[in-house]
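Asker: Numbering-wise (my numbering), the sequence shown opens with residue 2 and increments by one. No residue lacks a Cβ here, since even glycine has one placed at the ideal position from N, Cα and C. Before I ask anything, here is the structure I am working with.
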Amino acid sequence: MQSDAMQAAAAILADLRLRANGRNEPLAELPESCRPATLDDAYAIQAILRARLEKRGSGAPCGWKIGCTTPVMQAYLDIPHPCAGTLYRASLHERQAMLKAADFFKLGLECEIAVRLAADFDARAAGRGGREIASAVGGVMASVEIIEHRFRDFTAVPPPSLVADDFFSAGCVVGEARPLAEVGDLATLSGFFKIDGAPAAEVGVGAAILGHPLDALRWLAEHLASRDACLRAGEIVTLGSVVKTIYPAAGTRVEACFDRLPPVALRIE
Numbered sequence: 002m003q004s005d006a007m008q009a010a011a012a013i014l015a016d017l018r019l020r021a022n023g024r025n026e027p028l029a030e031l032p033e034s035c036r037p038a039t040l041d042d043a044y045a046i047q048a049i050l051r052a053r054l055e056k057r058g059s060g061a062p063c064g065w066k067i068g069c070t071t072p073v074m075q076a077y078l079d080i081p082h083p084c085a086g087t088l089y090r091a092s093l094h095e096r097q098a099m100l101k102a103a104d105f106f107k108l109g110l111e112c113e114i115a116v117r118l119a120a121d122f123d124a125r126a127a128g129r130g131g132r133e134i135a136s137a138v139g140g141v142m143a144s145v146e147i148i149e150h151r152f153r154d155f156t157a158v159p160p161p162s163l164v165a166d167d168f169f170s171a172g173c174v175v176g177e178a179r180p181l182a183e184v185g186d187l188a189t190l191s192g193f194f195k196i197d198g199a200p201a202a203e204v205g206v207g208a209a210i211l212g213h214p215l216d217a218l219r220w221l222a223e224h225l226a227s228r229d230a231c232l233r234a235g236e237i238v239t240l241g242s243v244v245k246t247i248y249p250a251a252g253t254r255v256e257a258c259f260d261r262l263p264p265v266a267l268r269i270e
């Protein structure tokens with residue numbers, strides 16, 4: 002894919018995210034002239050988009066989201082592999098948040114385990130991998146990932162276009178962090194949503210996230226290494242939704258609850 006086509010795709014996606022230059026409704030798809038055909042091209046566009054959004058007020062990147070890490074989400078999105086997107090400082094909330102439904106084309110929420118990194122982790126370094134990545138984790142948090150459908154019908158859009166657009170990323174709310182040693186095995190964490198105080202029926206477990214949540218973090222480290230990058234201290238990473246995405250109406254209060262982690266709350270107005 003030519004550089005000018007990548008720049009054109011990133012410009013469209015940035016305008017869409019910021020509701021600029023007349024882009025006030027979801028896209029059907031990127032124009033064929035600048036539509037990525039491969040994931041490699043998609044991640045290259047995502048990097049250009051990241052730089053454009055930072056310059057235009059979305060704040061510095063502050064971490065990563067990993068999507069499609071559980072069977073329930075892979076089935077829901079019909080994508081059989083993980084996908085990465087960017088988190089931005091301007092849309093990161095601590096412990097609780099209030100969002101306006103009208104600010105989003107279509108607002109969705111996901112119940113996730115998140116980590117904050119205490120040290121850099123570069124998968125390119127010899128011998129790094131496996132559970133060793135746990136040494137980079139400074140804290141574990143419950144999280145509500147905020148997603149937005151910026152394409153009219155995501156089921157009709159090829160995965161590379163979704164990845165180029167940061168894979169639905171629209172922010173996150175993270176709870177109070179607990180040390181990994183205190184939380185224990187992340188695979189045994191169970192999580193669910195409370196909606197207006199009532200527990201939702203669906204409950205998910207950490208083991209559904211690529212077999213172990215730390216394996217999702219390792220996947221991200223290896224993905225970044227393939228693009229000559231690495232995980233950085235201070236970054237937040239959401240590791241994947243343990244239950245299916247929900248789409249709450251205005252006036253709803255939502256909590257993400259995990260055993261052994263403080264809950265995190267969000268209200269939709």
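1. Could you have a look at R268 and say whether DSSP puts it in helix, strand or coil?
2. Using CA atoms only, rank isn't needed, just tell me which of H213, C112, M7 is closest to I247.
3. Quick check: the Cα distance between V244 and L211, rounded to an integer number of angstroms?
4. Could you tell me which residues DSSP pairs with K66 in its beta bridges?
5. Where does the unbroken alpha helix (DSSP H) through M7 begin, and where does it stop?
6. Fully enclosed by the region 162-224, which beta strand (DSSP E) runs are 3 residues long or longer?
7. For C63, which residues from the same chain have a beta carbon less than 7 Å from its beta carbon, with the 5 sequence-adjacent residues on both sides left out?
8. Less than 8 Å between the CB atoms is what I'm expecting for A208 and P72, so what's the real figure, rounded?
9. Is the beta carbon of L181 closer than 8 Å to that of V206?
10. So L40 is in the alpha helix (DSSP H); what residue range does that whole segment cover?
11. Near E270, which residues of its chain fall below 8 Å by C-beta distance, leaving aside the five closest residues on each side in sequence?
12. Give me the residue from A199, I67, A11, A10 with the minimum Cα distance to D216.
13. Can you say whether E149 is buried or exposed, counting buried as having 16 or more other CB atoms within 10 angstroms of its CB?
14. Counting Cβ pairs closer than 8 Å, one from the region 151-167 and one from the region 20-33, do we hit at least three?
15. Helix, strand or coil for L31 per DSSP?
16. Between the alpha carbons of R96 and S34, how many angstroms are there, rounded?
17. List the residues that DSSP assigns as beta-bridge partners of I134.
Answerer: Looking at the atomic coordinates:
1. The residue labelled residue 268 in the question sits at position 267 within the sequence shown. In the structure shown, R268 sits in a strand (DSSP, three-state: E or B).
2. Indexing the sequence shown from 1 puts residue 247 at position 246. Among H213, C112, M7, the Cα nearest to that of I247 is on C112.
3. Reading the sequence shown from its first residue, position 243 is the one you call residue 244. Reading the sequence shown from its first residue, position 210 is the one you call residue 211. About 14 Å.
4. Indexing the sequence shown from 1 puts residue 66 at position 65. Its beta-bridge partners are G86, T239.
5. Locating residue 7 in the sequence shown gives position 6, counting from the first residue. Following the DSSP letters along the chain, one finds M7 inside the alpha helix (DSSP H) bounded by residues 4-19.
6. 170-175, 191-196
7. For the purposes of this step, residue 63 is identified with residue 62 of the sequence shown, where counting begins at 1. Cβ neighbours of C63 beyond the five flanking positions: L88, Y89, R90, L93, E236, I237.
8. Translated into positions along the sequence shown, residue 208 becomes position 207. Translated into positions along the sequence shown, residue 72 becomes position 71. Their Cβ separation, rounded to whole angstroms, is 11 Å, which puts A208 and P72 out of contact at 8 Å.
9. By one-based count along the sequence shown, residue 206 stands at place 205. By one-based count along the sequence shown, residue 181 stands at place 180. Not in contact: V206 and L181 (Cβ atoms no closer than 8 Å).
10. Working through the sequence shown from its first residue, we reach residue 40 at position 39. Looking at the DSSP string, the run of the alpha helix (DSSP H) that includes L40 is 40-56.
11. For the purposes of this step, residue 270 is taken as the residue at position 269 of the sequence shown. Here the set comprises M99, L100, K101, A102, A251, G252.
12. Reading the sequence shown from its first residue, position 215 is the one you call residue 216. Looking at the Cα atoms, I67 is the closest of the given residues.
13. Along the sequence shown, read from residue 1 onward, the residue named residue 149 stands at position 148. So E149 counts as buried.
14. yes
15. Start at 1 with the first residue of the sequence shown, and residue 31 comes out as number 30. Coil.
16. Here residue 96 corresponds to residue number 95 of the sequence shown, with the count starting at 1. Here residue 34 corresponds to residue number 33 of the sequence shown, with the count starting at 1. Each residue's Cα considered, the two are about 42 Å apart.
17. Here residue 134 refers to the residue found at position 133 when the sequence shown is read from its first residue. Its beta-bridge partners do not exist; DSSP assigns none.
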